[in-house]
Amino acid sequence: MKVLPIDQIFDTSSRLTPCLLGTSVVSTFAGGFHFGYLISAVNPLSDILQQFIVDNLQKRYSFEPTASHLSLLWSSLAGCLFVGAMIGAYISIYLLSKIGPRKTLLLAATVVLVSTPLFGLAYTLEMSELLPISRILSGVGLAIGISAQGVFLTEISPTKFRGLTNSLSGLIGNIAFLMAASLGTPYFLGTVSLWKYIFLIEMIPCAIHIFLNTIFFHDSPTYLLSVGKSAEAEASLKAYHGTNCHVKKILEDLRNNDNGMKEKSLREILKDKGCAQALSLSVAINFSVAFSGIVAISFFGTFLLRNVGFSIEGSAVANSLCSLASIVSALLAAITIDKIGRRPLLITSLLVLALINTIMMALVFLYDSTKNAFLAWPFLGLFILFTFVFSIGIGPAAVFIGAELAPPGTISKMQSYSTSVQFIGSFICPVIYLSLVDSIGGLAFLLFIVPLTVTAAYFYMYLPETKGKSPVEINELLSK
C-alpha cells in the first residue's frame with residue numbers, strides 16, 4: 001500500500017492555528033530572540049564597557065592594558081558568546097534525543113535566565129571577570145535554544161507553514177536586535193550607570209517562555225511517537241494542525257517515516273549520500289552566514305560607520321535604523337518564504353550580499369583617499385540594504401535549513417552540527433576581521449565576498465527546492 005506524502009495530507013486540512021502561531025513566537029524567546037539581543041547589546045556599549053574593563057583591571061590588579069591588549073580583550077569578549085554557543089550546539093544533540101525539543105527549549109530559557117544578569121552584576125560587584133562568564137553561559141543557552149527551536153518548529157508545523165513558523169525566529173531576533181541597539185544608545189540606557197539594566201531586561205522573555213512552555217506547549221508529535229506516547233502525539237497534532245486534520249493518517253505517515261529508526265551517528269551520516277549532501281548544504285549556509293559580514297556589522301557596526309564619517313551618537317542611531325530595516329525584511333521573509341521557495345531566495349540573497357560588500361569595499365577606499373564626509377550617506381544606505389537582504393534570505397533560512405533537509409534519523413545531529421559551524425565562524429570572523437582592517441584596510445571585505453560567492457555557486461549546483469516537500473521526498477532529491 002502506497003503511503004501518501006505528508007504534504008499531500010496536510011494540504012487538504014491542516015491550517016495555521018493560533019496555537020501553532022503563538023508557540024512559534026514564544027519558542028523564539030528561548031533561542032532566536034537572545035541571538036539578536038546578545039549580539040546587538042554590546043555594540044553601542046563598546047566604549048563604556050572597554051572603559052569599565054580598563055578601570056576595573058587598574059583598580060584591582062594595577063594592570064593598565066595597552067590599546068592592542070584592549071582590542072584583543074574586546075574582540076575576545078564579543079567572541080565568548082560563540083565559544084559558549086559551540087558547546088551548547090553539541091550539548092543539544094544529547095538533549096534533543098533524551099528529553100525532546102520542548103523540554104530542551106525549557107532548559108535553554110532557564111540557562112539564559114540565570115546567565116544574562118551576570119553581565120550586569122559585573123558592574124554592580126565591580127568584577128569584570130563576570131563579563132566573559134556571562135557571555136559563555138549565555139552562548140550555551142542560546143545555542144541549545146536555537147537548535148531545539150529549529151527541530152521543534154519543523155516537527156510541529158504542517159509542511160506548507162514550515163517556512164513561516166521557522167522564519168518568525170528571524171523576525172523576533174531582529175526585533176530583539178533593534179531593541180538592544182536602541183536601549184544601548186545614550187538616549188536610553190547606554191550610560192555608565194545604567195547599562196547593566198540592558199542585561200537584566202533580557203530575563204523577561206526567558207520568564208515568559210518558561211511559564212508558557214510549562215503550561216501550554218505540546219511536544220512534537222514525532223518525538224512523542226518515538227517514546228510511545230500516541231495519545232499525546234494525537235493531542236499535539238490537533239493543537240498545532242487543527243482539530244479537523246487527518247490525525248490518524250498523519251500519525252500513520254509519521255510512523256512509516258520513522259519506522260523505528262534510531263538516530264544515526266556522524267559516521268553513518270557521512271557514508272549515506274543523501275545525509276552527507278544535506279549536512280554539507282546545511283554547513284555551507286551556516287558558514288556563509290558567519291562570513292557574510294553580518295557579524296562585523298552586528299559587533300562593529302558603530303565602529304564601521306564612524307570610520308566613514310559618522311559621529312559617535314550618529315553612528316549609534318544609524319545602526320538602529322539598520323535594525324529597523326532588517327525587521328521589515330524579516331517580516332517579508334516570513335510571509336514569502338513558503339511562496340517563493342528556499343532555493344531562489346538563498347541564491348539571490350547570497351549574490352546580492354556579495355555585491356553589496358564589494359561596493360562597500362570601494363566606498364571605504366574612496367573615503368580613505370578623499371575623506372569626503374558625504375560618502376557616509378551612501379555607505380549607510382548600503383548598510384541598510386545589507387541588513388534588509390540578509391534578513392530576508394540566508395539569515396532566517398540558516399536557523400532551520402538543517403532540520404528541514406535532515407533525512408529521518410538525523411534531525412538533531414544535522415541541526416546541531418550545522419549551527420555549530422555558524423557559531424565557530426562567528427567567533428573567528430570578528431577576530432580575523434579586526435586584524436585585517438588594521439593591516440589591509442578596505443580589502444578586509446574580501447573575507448565576506450569570497451565565501452558568499454562560492455556558496456552561491458555551490459547552492460546553484462546542488463541545492464534542491466524543499467518548499468512543500470516531506471523529509472522522505474527531500475532525501476530522495478539529495479540522494480540522486
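Residue 1 is where the sequence shown starts when you use the numbering used here, and the numbers rise one by one after that.
Where is the CB? At the ideal position from N, CA and C, for every residue including glycine.
Just so it is clear, the structure is predicted and the values come from calculations on it, not from any experiment.
Would you mind stating whether residue i and residue j have Cβ atoms separated by less than 8 angstroms?
| i | j | result |
| --- | --- | --- |
| residue 115 | residue 57 | no |
| residue 30 | residue 109 | yes |
| residue 200 | residue 138 | no |
| residue 144 | residue 111 | yes |
| residue 101 | residue 148 | yes |
| residue 330 | residue 426 | no |
| residue 334 | residue 479 | no |
| residue 328 | residue 172 | no |
| residue 203 | residue 37 | no |
| residue 322 | residue 390 | no |
| residue 414 | residue 279 | yes |
| residue 208 | residue 354 | no |
| residue 140 | residue 87 | yes |
| residue 263 | residue 369 | no |
| residue 423 | residue 85 | yes |
| residue 288 | residue 455 | yes |
| residue 33 | residue 221 | no |
| residue 184 | residue 44 | yes |
| residue 213 | residue 105 | yes |
| residue 240 | residue 77 | no |
| residue 242 | residue 17 | yes |
| residue 255 | residue 224 | no |
| residue 54 | residue 136 | no |
| residue 189 | residue 175 | no |
| residue 347 | residue 405 | no |
| residue 156 | residue 23 | yes |
Please check the pair residue i and residue j, which I expect to be a contact at CB under 8 angstroms, by giving their CB distance rounded to whole angstroms.
| i | j | result |
| --- | --- | --- |
| residue 122 | residue 130 | 4 angstroms |
| residue 79 | residue 407 | That pair is no contact at about 33 angstroms. |
| residue 416 | residue 92 | 5 angstroms |
| residue 507 | residue 400 | The displayed coordinates of the chain run from 1 to 480. Any statement about residue 507 would go beyond what the structure contains. |
| residue 459 | residue 326 | Between residue 326 and residue 459 the Cβ distance is about 22 angstroms, and since that is not below 8 angstroms, they are no contact. |
| residue 71 | residue 452 | Rounded, the Cβ-Cβ distance is 26 angstroms, inconsistent with contact. |
| residue 385 | residue 356 | 6 angstroms |
| residue 398 | residue 342 | Residue 398 to residue 342, Cβ: 11 angstroms. No contact. |
Let's test the definition: count the other Cβ atoms within 10 Å of the Cβ of residue i and tell me whether it reaches 16, buried, or not, exposed.
| i | result |
| --- | --- |
| residue 6 | Because residue 6 sits at a pLDDT of 45, beneath the cut-off of 50, its placement in the model cannot be relied upon, and the following sentence gives the value as read from the coordinates. Counting Cβ neighbours within 10 Å, residue 6 comes out buried, since at least 16 surround it. |
| residue 536 | Coverage of the chain is limited to positions 1 through 480, which leaves residue 536 absent and any answer about it impossible. |
| residue 294 | buried |
| residue 461 | exposed |
| residue 393 | buried |
| residue 227 | exposed |
| residue 69 | exposed |
| residue 10 | With a pLDDT of 43 at residue 10, under the threshold of 50, the modelled position of this residue cannot be trusted, and the question is left open. |
| residue 372 | exposed |
| residue 3 | The pLDDT assigned to residue 3 is 40, lower than 50, so where the model puts this residue is not dependable, and the model offers no usable value. |
| residue 12 | Below a pLDDT of 50, predicted positions are generally treated as unreliable, and residue 12, at 48, falls in that range; no measurement from the model is reported. |
| residue 344 | exposed |
| residue 63 | exposed |
| residue 51 | exposed |
| residue 465 | exposed |
| residue 267 | exposed |
| residue 518 | Outside the shown range of the chain (1 to 480) lies residue 518, about which nothing can therefore be said. |
| residue 440 | exposed |
| residue 438 | exposed |
| residue 244 | exposed |
| residue 215 | exposed |
| residue 182 | buried |
Under a three-way DSSP split, which group does residue i fall into?
| i | result |
| --- | --- |
| residue 245 | coil |
| residue 469 | coil |
| residue 74 | helix |
| residue 407 | coil |
| residue 421 | helix |
| residue 291 | coil |
| residue 2 | Unreliable positioning characterises residue 2 in this predicted model, as indicated by a pLDDT of 42, which lies under 50. A coordinate reading is not provided. |
| residue 33 | helix |
| residue 18 | helix |
| residue 273 | helix |
| residue 62 | coil |
| residue 460 | helix |
| residue 229 | coil |
| residue 494 | Limits of the chain in this structure are 1 at one end and 480 at the other, which puts residue 494 out of reach. |
| residue 45 | coil |
| residue 265 | coil |
| residue 157 | coil |
| residue 238 | helix |
| residue 413 | helix |
Point to revise | Whole alpha helix (DSSP H) elements within the region 330 to 404, 4-residue minimum | key: Qualifying alpha helix (DSSP H) stretches, in chain order: 342 to 370 and 376 to 392.
Check your understanding: In chain order, which alpha helix (DSSP H) runs of at least 4 residues are fully inside the region 87 to 146?
Key -> Counting only runs of 4 or more residues that sit fully inside the region 87 to 146, no alpha helix (DSSP H) segment turns up.
Check your understanding: For the region 177 to 221, which segments carrying the alpha helix (DSSP H) assignment without a break, of at least 4 residues, lie completely within its bounds, in sequence order?
Key -> If we require 4 residues or more, the alpha helix (DSSP H) runs fully inside the region 177 to 221 come out as 196 to 201 and 203 to 216.
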